[in-house]
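Residue numbers (the working numbering): 2 to 405.
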């Protein structure tokens, strides 16, 4: 610790870590032995810096975060995390592991266990202002590259990282933007590569996972809202491929909550950018009922009545017959996605809650028509000698099409 009190020493350590990170980016798995030679020392330095920052913030409050020594120690921690992340990203592939005569599993067993405990414990115990968003980035890479090894650690990750990060970002829509974005990147990685592990989580943690996705749907930042929609859509798609007792058990608890919240964001005026995915998730929920596989969890008649009551309460000016027609046609058009999407568009326009912004729903078709018109115009110009310069990029594109 005494050595790390010196600012220049901390700067030198950061420089060494960054040089090694660049080397790993260029060389990949071939440098695993060099990394392994100082790996334990690097993690010990990480823990010393973590303990010092935790002790300082506990003693003096968050104002110490601006002190030079604390900032330099945080740089060392971040550089450590980036180095390990880059190594895992480059080396933890079949090709990378084969270069050094190891399997991906052997690389994981060698490098990951010593890393997780100090990193997760530090993240959980620190004040929110002292938590490094790079931890979430590293965990996302681990989930993506080492899904088999990290699946066994998902419960620990949820316990030590998930809850405290949710507490940081759920109070408003603005604070901790880096943590917010990388948190949903972690959820996406776990959903894509460690999906089965989600259903071995304790019930409270699975509920927190679902609540986090629902909260993302309602986020005012389009990037976060779109991430939540993509994750939820992929989650439902994969869920329906599992044994029936698994998805029936899930929908018994969450079906009507998901239906209410997706309809809420679909019909408000703040989340128009997510229309395509919102209506797709609604289609997924209704299709599952229409197919008859959820009779035990969400019987069709009960869902139709719930949807009818929800529409009536949310839009009291809407005529009852309009609400009834909307619900009936949701189910009759559930097997034709294009017709279902048009049906939802028409319904939203009739609500008159969109204040003349109906054109937004047709933005995709408008862009497609615009590209078609531009292509037609370009073809016409090409037919007129001398109208398009010989070195114009459109001539190259036309030549490429001729080759095809």
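All C-beta atoms in this analysis are idealised placements derived from N, C-alpha and C, irrespective of residue type, glycine included. Since this is a predicted model, take the numbers as computed values, not measurements.
Look at residue 104 here: in three-state DSSP terms it is coil, with no helix or strand label. When rounded, the separation of the alpha-carbon atoms in residue 268 and residue 174 is 20 angstroms. The DSSP assignment places complete alpha helix (DSSP H) segments of no fewer than 4 residues inside the stretch 190-254 at 204-218 and 223-240, in order along the chain. The beta carbon of residue 189 sits closer than 6 angstroms to those of 232, all from its chain and outside the five residues before and after it, given in chain order.
The shortest CA-to-CA distance from residue 142 to any of 178, 125, 94 and 171 is the one to 94. Taking all protein chains shown into account, residue 336 has fewer than 16 neighbouring C-beta atoms within 10 Å of its C-beta and is therefore exposed. Under the DSSP assignment, residue 165 falls in the alpha helix (DSSP H) whose first and last residues are 164-170. When the five nearest sequence neighbours on each side are left out, the beta carbons in the same chain lying within less than 6 angstroms of the beta carbon of residue 313 are those of 324, in order along the chain. When only Cα atoms are considered, residue 122 and residue 322 end up about 57 angstroms apart. Look at residue 136 here: in three-state DSSP terms it is helix. Ranking 214, 159, 153 and 149 by CA distance to the CA of residue 137 puts 159 first.
Inter-segment contact for the stretch 333-347 and the stretch 285-298 is present: three or more beta-carbon pairs are separated by less than 8 angstroms. In the structure shown, residue 350 falls within a helical segment according to DSSP collapsed to helix, strand and coil. Within the stretch 260-317, the runs of alpha helix (DSSP H) that reach at least 4 residues and sit entirely inside it are, in chain order, 276-291 and 301-315. With a threshold of 16 other beta carbon atoms within 10 Å, residue 4 falls short and is exposed. Shown here, residue 62 sits in coil according to DSSP, grouped into three states, outside any helix or strand.
If you check the CB distance, residue 196 and residue 146 do not come in under 8 angstroms. When the alpha-carbon of residue 294 is set against those of 345, 253 and 245, the nearest one is in 245. Within the same chain, and ignoring the five residues on either side of residue 200 in sequence, the residues whose Cβ sits closer than 7 angstroms to its Cβ are 247. Excluding sequence positions up to five before and after residue 90, its CB lies within less than 7 angstroms of the CB of 142 and 146, all in the same chain and listed in chain order.
For residue 14, the uninterrupted alpha helix (DSSP H) segment begins and ends at 8-28.
Across the structure, residue 10 and residue 40 are spaced so that their CA atoms are roughly 18 angstroms apart.
No residue range can be given for residue 32, since it is assigned to no alpha helix (DSSP H) and is classified by DSSP as neither H nor E.
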